[in-house]
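The structure under discussion appears below in the form of structure tokens.
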Amino acid sequence: MGSKILFLIGGMVFATEVVWQLYKRLYNPRNGRIPLTIAKKPEQNISEVMFFSRESSFCRAHVNNNEACLKSTCPVQYLRRMEGYINRAEKRLDVCMYVLTCQLLSKAIVNAHKRGVIVNIILDRRMACTDSSQTALFHGNGIAVRMQELDVLMHHKFVIVDNEIVITGSVNWTMSAFFGNFENILVTNQPSIVLPFVEEFDKLWKLLEYPIESESEGNRRRLPFNPTKGIMWNM
Ligand SMILES: [Zn+2]
């Protein structure tokens, strides 16, 4: 009898310790939340940098075929890798992009939506209304797109895959940027970098739910920073 009780107590102590260790590992002291999807250990370390340059324009000729390219910095290979990251999405894909006109990557985003991934897209309203923008494609496929009239640019260029991988950098997702500009892209699944991007996206997503009132000229002159909306004015 006594050994049974001892065994029971021992089991409870062990279970409590396991729960405590898990809690310490997952708890995020910054916001008190337990971001389960981020806190789980990454399967592998993703850390990749891509550079685009003037010479990238020479590769545009083979963008639509499977021709092998000897250049280690081939933008077509980079595009395929970016497409591969989007194709990995299983649960959620968050896109925040100033200009998004690249059809290859737009199709990958739509395909993610079609296979049941929750896709949320934030665009700059003015750039989203240009002819080459993919906004109509996203809307037509029932993807949630948020953009509001702002007195500043929605100038971000980042995409988050399953709250686990961030693709960011200088480049807008346009063919002219991929094939001719000096640009960079960083891909990482480092939680300390991914988490702030997830939080920023969630913040922007809520902010853009309803039209944002424009402030009076007087307020703009007085305040370089709008504390209620967290927006820097153009100075
Ligand atoms: Zn190439």
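Going by my numbering, the letters in the sequence shown line up with residues 835 to 1069, in that order. For each residue, glycine too, the CB sits at the ideal point set by N, CA and C. Keep in mind that this is a model prediction, so the values were computed, not measured.
1) Counting only runs of 3+ residues fully inside the stretch 943 to 998, write out the beta strand (DSSP E) ranges in chain order.
2) Mind checking Met916: buried by the 16 CB within 10 Å criterion, or exposed?
3) Just checking, does the stretch 901 to 909 make contact with the stretch 952 to 966 on the three C-beta pairs under 8 Å criterion?
4) Excluding sequence positions up to five away, which residues of its chain have a Cβ less than 6 Å from the Cβ of Met884?
5) Run the proximity test for Val910: is its beta-carbon closer than 7 Å to any non-hydrogen atom belonging to ligand 1?
6) For His990, which residues in the same chain have their Cβ closer than 6 Å to its Cβ, ignoring the five residues on either side in sequence?
7) Given that a residue counts as buried once 16 or more other Cβ atoms are within 10 Å of its Cβ, and exposed if not, what is Val951?
8) Going straight from the alpha carbon of Ile977 to that of Val953, what length do you get?
9) Reducing DSSP to helix, strand and coil, say where Ser940 ends up.
10) Kindly indicate which three-state DSSP category Thr850 falls into: helix, strand or coil?
11) Determine the burial state of Phe886: buried for a count of at least 16 other Cβ atoms within 10 Å of its Cβ, exposed for fewer.
12) Mind checking which residues open and close the alpha helix (DSSP H) that includes Glu1033?
13) With distances taken from CA atoms, which of Leu1029, Phe1016 and Ile1027 is nearest Ser891?
14) Are there 16 or more other CB atoms within 10 angstroms of the CB of Ser966, so buried, or fewer, so exposed?
15) Taking only the alpha-carbon atoms, compute the straight-line gap between Gly1006 and Tyr932 and give it to the nearest angstrom.
16) Might you give, ordered along the chain, the residues of its own chain that have their beta carbon closer than 7 Å to the beta carbon of Glu851, omitting 5 neighbours on each side?
17) Indicate whether Val995 and Ile920 have their beta-carbon atoms separated by less than 8 Å.
18) Any heavy atom of ligand 1 closer than 7 Å to the Cβ of Cys893?
19) Out of curiosity, what's the CA-to-CA distance linking Gly974 and Asn945?
20) Rounded to the nearest angstrom, what separates Leu904 and Thr969 at their Cα positions?
21) Is the closest heavy atom of ligand 1 to the C-beta of Cys903 under 7 Å?
Let's see:
1) DSSP runs (the beta strand (DSSP E)) wholly in the stretch 943 to 998: 952 to 957, 978 to 980 and 991 to 995.
2) buried
3) no
4) Excluding residues within five positions, the ones whose Cβ falls inside 6 Å are Tyr912 and Ile1019.
5) Here the distance from the Cβ of Val910 to the nearest heavy atom of ligand 1 is below 7 Å.
6) Cys930
7) Buried, since its Cβ has 16 or more Cβ neighbours within 10 Å.
8) Across the structure, Ile977 and Val953 are spaced so that their CA atoms are roughly 6 Å apart.
9) helix
10) helix
11) buried
12) Pro1025 to Leu1041
13) Phe1016
14) By the neighbour-count criterion, in which 16 or more other beta carbons inside 10 Å mark a residue as buried, Ser966 falls on the exposed side.
15) Note that residue 1006 is Asn in the sequence shown here, rather than Gly. Roughly 6 Å separates the two Cα atoms.
16) none
17) yes
18) yes
19) 13 Å
20) 35 Å
21) yes
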